[in-house]
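Please read the structure below before turning to the comments.
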Amino acid sequence: MDLKLSFHPEFCQDTLCHSDTALRCGLDNTCPPELLENLSRLSALLGDIQRSLNIRSGALKINSGFRAHALNEKVGGVPNSQHCMGLAADLVCPEFGSPCDLALAIAQLPCEFDQLILEFGKWVHVSAAPLGKIPRRECLSIFNKDEGYLEGIVKR
Ligand SMILES: [Zn+2]
Numbered sequence: 001m002d003l004k005l006s007f008h009p010e011f012c013q014d015t016l017c018h019s020d021t022a023l024r025c026g027l028d029n030t031c032p033p034e035l036l037e038n039l040s041r042l043s044a045l046l047g048d049i050q051r052s053l054n055i056r057s058g059a060l061k062i063n064s065g066f067r068a069h070a071l072n073e074k075v076g077g078v079p080n081s082q083h084c085m086g087l088a089a090d091l092v093c094p095e096f097g098s099p100c101d102l103a104l105a106i107a108q109l110p111c112e113f114d115q116l117i118l119e120f121g122k123w124v125h126v127s128a129a130p131l132g133k134i135p136r137r138e139c140l141s142i143f144n145k146d147e148g149y150l151e152g153i154v155k156r
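If you read the sequence shown in UniProt numbering, its first letter stands for residue 1, the second for the next number, and so on.
Written out as structure tokens, the structure is:
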């Protein structure tokens, strides 16, 4: 199989698989070959967001991208997280504004995200749709686990 995968230079495989927690705990967080296509689509989505919002190179920070299952458990991620499929990234961009500002701005873009979630007011979770699925452009917020997910990007 000759699969040509392209990554946005800034959101390359290393960046999307980097995890301080994995390094600290000695967990292998390499993206398996069968998920690299997902990861490259996530990379393109992030590149799109960066360009559309005129965010300067290097300013969009990825707190968490791909997570192998062991890492996902370690960080308390939901099972079946889109992070484990190489489809999701958690972002912050202090230069642009608060996580809420960033989420509201991404929600206005015509780009093809699957889910956009303002998580605990601290970061923005964005995902690409699985291959062959139509991006849902679903916008949610969560502030605490008891309250659960709220519709839309909610400012608090
Ligand atoms: Zn996330």
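Beta carbons: idealized from backbone N, C-alpha and C, even for Gly.
The structure presented is a predicted model; accordingly, all values stated were derived computationally and were not measured.
Next item on the list: Within the same chain, show all residues whose beta-carbon is closer than 7 Å to that of residue 40, passing over the 5 residues directly before and after it, in chain order.
Entry: Here the set comprises 5, 6, 7.
Next item on the list: Classify residue 138 as helix, strand or coil using the three-state DSSP reduction.
Entry: Correct three-state label for residue 138: strand.
Next item on the list: Would you kindly work out how many angstroms separate the C-alpha atoms of residue 17 and residue 31, rounded to a whole number?
Entry: C-alpha separation (whole angstroms): 7 Å.
Item checked: Start-end ranges of the alpha helix (DSSP H) lying completely within the region 42-110, minimum 4 residues -> Complete alpha helix (DSSP H) runs here, min 4: 69-74, 99-108.
Notebook entry, point to check: Among all the DSSP beta bridges, which residues are the ones paired with residue 147?
Noted result: In DSSP, residue 147 forms no bridge with anything.
Next item on the list: Please report the residue range of the alpha helix (DSSP H) in which residue 118 lies.
Entry: Not the alpha helix (DSSP H): residue 118 falls in the beta strand (DSSP E), residues 115-119.
Margin query: Looking only at its chain, what residues have a beta carbon closer than 8 Å to the beta carbon of residue 69, apart from the 5 residues adjacent to it on each side?
Written below: These residues qualify, in order along the chain: 84.
Item checked: Reduced DSSP secondary structure (H/G/I, E/B, other) of residue 1 -> Legend: pLDDT at residue 1 = 48, less than 50; position of this residue unreliable, value from coordinates given subsequently. Looking at residue 1 - three-state DSSP - the assignment turns out to be coil, as it is neither helix nor strand.
Item checked: Candidates 51, 64, 72, 52, of which the one nearest residue 122 by Cα -> If you compare the alpha carbons of 51, 64, 72, 52 with that of residue 122, the shortest gap goes to 64.
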